[in-house]
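Have a look at the structure below before the remarks.
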Amino acid sequence: MQEVHIDRLVLKLSGLTEDEGRRLAMKVSEGLAAADIPNAAVENPGALRLDLRASPREQSDVDSLAHHIVSGIVRELSRSA
């Protein structure tokens, strides 16, 4: 299993409670841990900066928002591989 180390992940969010923010962080970390990340992205790490915009449905549901964030990160890692 490949390892990816994320030194810093900053999410600028509004409208979430503290508990929802914690749940979101946990779901994002679990989603990234389970994601199929290309070996080339793991072997050639770099910095990513993403500007993801969530739909109203995603914004109102922590699970959907976490999936949107994980998908965006994995998609960008795949492009950079």
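Residues in the sequence shown are numbered from 1 upward in steps of one, following our numbering. A virtual CB, placed ideally from N, CA and C, is assigned to each residue, including glycine. This structure is a prediction, so every number in the text was calculated from the model and none was measured.
Contact between Val74 and Leu24 does not hold, since the beta-carbon distance rounds to 17 Å and is not under 8 Å. In the DSSP assignment, Gly21 falls within the alpha helix (DSSP H) that extends over 18-34. Gly21 and Arg79 have their alpha carbons spaced roughly 28 Å apart. When rounded, the separation of the alpha-carbon atoms in Arg49 and His68 is 15 Å. Nearest to Ala66 by C-alpha distance, out of Gly31, Asp7, Ile6, Leu13, is Gly31.
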